[in-house]
């Protein structure tokens with residue numbers, strides 16, 4: 001299932017919830033964006049640069065540490081936890097600094113009036129690295145998993161059509177024609193034009209390898225769901241590297257798959273951690289009280305290593321090889337010395353901070369694009385769902401995706417109350433809708449009421465009965481700079497930024513976050529383990545080489 005995952009590291013500002021909520025209200029509030037029944041918010045950029053307070057012009061020095069992680073979103077917290085659990089011998093002292101007054105970054109869970117909903121990412125793929133982070137955070141018993149047999153849908157020609165969940169389903173699903181299926185099969189076997197010799201977009205790669213129907217009916221809505229992106233501009237190599245490498249390594253997608261299986265079977269497999277749960281089938285996960293449980297649990301375990309409301313003002317490198325970071329904090333200006341620094345804040349926030357160190361790195365990071373996305377959480381009575389969309393009298397499934405060619409604005413809809421338990425009161429359906437993205441940046445000029453109207457209009461044409469009650473609006477959250485786009489040239493820019501830092505004497509300063517590891521929550525966690533290993537290796541090499549003299 002495609003997990004819709006708007007990601008950012010921006011500061012949210014919440015309006016106070018209205019005391020006038022009523023699921024049975026017949027109010028025509030959709031035509032009045034100031035109606036108090038709406039609970040809306042706009043996520044604004046949390047500046048990591050700020051003017052120092054005037055309480056003291058001198059920075060107060062703190063004890064040196066091994067690593068400073070800049071950013072308390074999921075990437076930063078997971079890097080810190082990975083260092084603490086996997087590399088405690090080499091990195092014994094670390095600090096996580098966060099400019100906001102809370103941890104979690106784009107992960108925002110809200111619970112009220114019998115509802116529990118997400119206003120950022122909705123779920124994660126339960127990979128072993130993800131499950132390791134869950135267990136190490138003490139959340140194994142709080143884990144909830146979706147039904148692996150729940151259907152996923154794509155809108156095509158006015159009808160929600162199921163996506164095949166396993167190879168045996170391929171001959172029977174009606175999302176593609178027989179000709180389209182044959183074209184995809186032949187292309188996957190290698191009967192298709194050869195690679196062009198330049199970096200292909202997602203659209204170019206998929207049309208060449210699998211045909212037009214796979215692109216238009218499966219991959220294009222997939223790109224909308226994961227990246228809120230434009231597949232004609234997204235890089236196949238950067239955005240979907242695992243699939244891209246199959247053709248590179250095996251001559252075709254199927255050839256690469258067989259080769260990968262052979263290599264995997266030929267290599268000794270380390271024993272699986274017996275502590276980890278064993279998910280059944282292809283599913284997604286969350287927690288009993290929502291995704292926010294993960295960053296809060298990690299922060300609690302790190303304790304006073306997490307510093308909130310610390311705004312980074314500058315970074316410099318000392319003659320000793322250490323880094324000096326100056327912060328504005330609630331206690332005044334503070335200077336912190338560290339062997340290593342990991343920057344997990346968004347690239348456009350990191351860029352001005354790194355410019356004094358490397359203009360090349362700063363220029364590269366400034367070029368990454370983050371389009372706007374809005375998360376609209378609304379509820380309807382169960383009887384509002386069209387009968388043809390019900391399975392055994394219930395709305396079942398993960399959700400639905402909408403190709404841009406189908407004339408709807410909403411990128412996709414998650415069936416939140418069907419996916420995980422206790423998300424809505426009895427008799428109610430909770431739907432999380434995403435709208436905007438790279439092909440619809442105009443949402444920035446829309447009112448919250450207009451966004452709700454657009455989503456409600458789309459749902460009435462697809463999922464709801466035309467005469468359904470007005471939606472009960474729970475939250476409208478606009479992320480002005482949401483998901484980093486892995487466009488053609490993304491990896492070259494990222495490599496240029498890293499190389500410039502390393503080649504100009506700034507080894508030990510690492511870049512992390514979703515624009516580095518990937519936009520899905522699970523990839524942020526997997527990337528956290530990778531970066532933690534790099535930090536530990538760097539410190540170990542420097543210590544063995546006698547670089548540091550304390």
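In the UniProt record's numbering, the protein residues as written are 1 to 550. Glycine included, every Cβ here is placed at the ideal spot set by N, Cα and C. Because the structure is a prediction, the values reported are computed rather than measured.
Whole-angstrom distance between residue j and residue i, CA atom to CA atom
| i | j | result |
| --- | --- | --- |
| residue 271 | residue 294 | 25 Å |
| residue 110 | residue 116 | 6 Å |
| residue 196 | residue 347 | 31 Å |
| residue 27 | residue 456 | Low confidence applies here, because residue 27 scores a pLDDT of 37, under 50, leaving its location unreliable; read the following figure in that light. Straight-line Cα distance between these residues: approximately 14 Å. |
| residue 489 | residue 385 | 44 Å |
| residue 202 | residue 310 | 39 Å |
| residue 252 | residue 209 | 8 Å |
| residue 551 | residue 78 | Outside the displayed span of the chain (1 to 550) sits residue 551, for which this structure offers no information. |
| residue 441 | residue 373 | 8 Å |
| residue 245 | residue 431 | 36 Å |
| residue 18 | residue 466 | Caution applies to residue 18, whose pLDDT of 32 falls short of 50 and renders its modelled position unreliable; the value that the coordinates give is listed next. Approximately 27 Å, taken between the alpha carbons. |
| residue 213 | residue 443 | 29 Å |
| residue 276 | residue 522 | 15 Å |
| residue 162 | residue 283 | 16 Å |
| residue 319 | residue 541 | 18 Å |
| residue 368 | residue 516 | 11 Å |
| residue 53 | residue 329 | Low per-residue confidence applies at residue 53: pLDDT is 33, beneath 50, and the placement is therefore not dependable enough to give any value. |
| residue 375 | residue 134 | 25 Å |
| residue 513 | residue 493 | 15 Å |
| residue 291 | residue 121 | 8 Å |
| residue 103 | residue 138 | 17 Å |
Member of the options whose CA lies at the smallest distance from the CA of residue i
| i | options | result |
| --- | --- | --- |
| residue 237 | 168, 544, 487 | 487 |
| residue 400 | 467, 218, 535 | 218 |
| residue 83 | 157, 101, 341, 277 | 341 |
| residue 258 | 505, 452, 189 | 189 |
| residue 448 | 458, 435, 460 | 435 |
| residue 478 | 439, 371, 161 | 371 |
| residue 86 | 74, 360, 184, 129 | 129 |
| residue 334 | 464, 152, 307 | 307 |
| residue 200 | 172, 191, 177, 239 | 239 |
| residue 380 | 344, 411, 460 | 460 |
| residue 279 | 131, 393, 519 | 131 |
| residue 302 | 458, 354, 92 | 92 |
| residue 289 | 418, 142, 498 | 142 |
| residue 396 | 180, 511, 359, 415 | 415 |
| residue 529 | 81, 70, 68 | 81 |
| residue 125 | 100, 532, 531, 520 | 520 |
| residue 537 | 65, 89, 60 | 89 |
| residue 297 | 359, 453, 74, 354 | 74 |
| residue 229 | 485, 495, 531, 500 | 485 |
Identified DSSP bridge partners for residue i
| i | result |
| --- | --- |
| residue 315 | 325 |
| residue 215 | Bridge partners of residue 215: none, in fact. |
| residue 551 | Here the chain has residues from 1 to 550 only, and residue 551 is not among them. |
| residue 153 | 162, 400 |
| residue 486 | None; residue 486 has no bridge partner. |
| residue 493 | DSSP output for residue 493 lists no bridge partner at all. |
| residue 391 | 394 |
| residue 136 | Per DSSP, none; premise fails for residue 136. |
| residue 298 | Beta-bridge pairing links residue 298 to no other residue. |
| residue 60 | 334 |
Run of the alpha helix (DSSP H) containing residue i, from where it starts to where it stops
| i | result |
| --- | --- |
| residue 522 | 521-544 |
| residue 83 | 74-86 |
| residue 178 | 178-189 |
| residue 225 | 220-226 |
| residue 97 | From DSSP, residue 97 is part of no alpha helix (DSSP H) but of the beta strand (DSSP E) over 94-98. |
| residue 143 | Taken as a continuous stretch (DSSP letters only), residue 143 belongs to no alpha helix (DSSP H), being part of the beta strand (DSSP E) at 143-145. |
| residue 366 | 359-366 |
| residue 354 | 347-354 |
| residue 198 | Here residue 198 belongs to no alpha helix (DSSP H), and DSSP marks it neither H nor E. |
| residue 504 | Where residue 504 is concerned, there is no enclosing alpha helix (DSSP H), given that its DSSP letter is neither H nor E. |
| residue 170 | No alpha helix (DSSP H) holds residue 170; DSSP gives it neither H nor E. |
| residue 517 | 514-517 |
Extent of the continuous beta strand (DSSP E) run through residue i
| i | result |
| --- | --- |
| residue 307 | 306-308 |
| residue 342 | 332-343 |
| residue 203 | Where residue 203 is concerned, there is no enclosing beta strand (DSSP E), although the alpha helix (DSSP H) it sits in stretches over 202-210. |
| residue 375 | 373-381 |
| residue 509 | 509-511 |
| residue 66 | 65-70 |
| residue 474 | 472-479 |
Sequence ranges, alpha helix (DSSP H) only - wholly within the region 403-461, length at least 4: The qualifying runs are 416-419.
Length at least 4, wholly inside the region 243-294: the alpha helix (DSSP H) runs in chain order: Counting only runs that start and end inside the region 243-294, the alpha helix (DSSP H) elements of at least 4 residues fall at 253-266.
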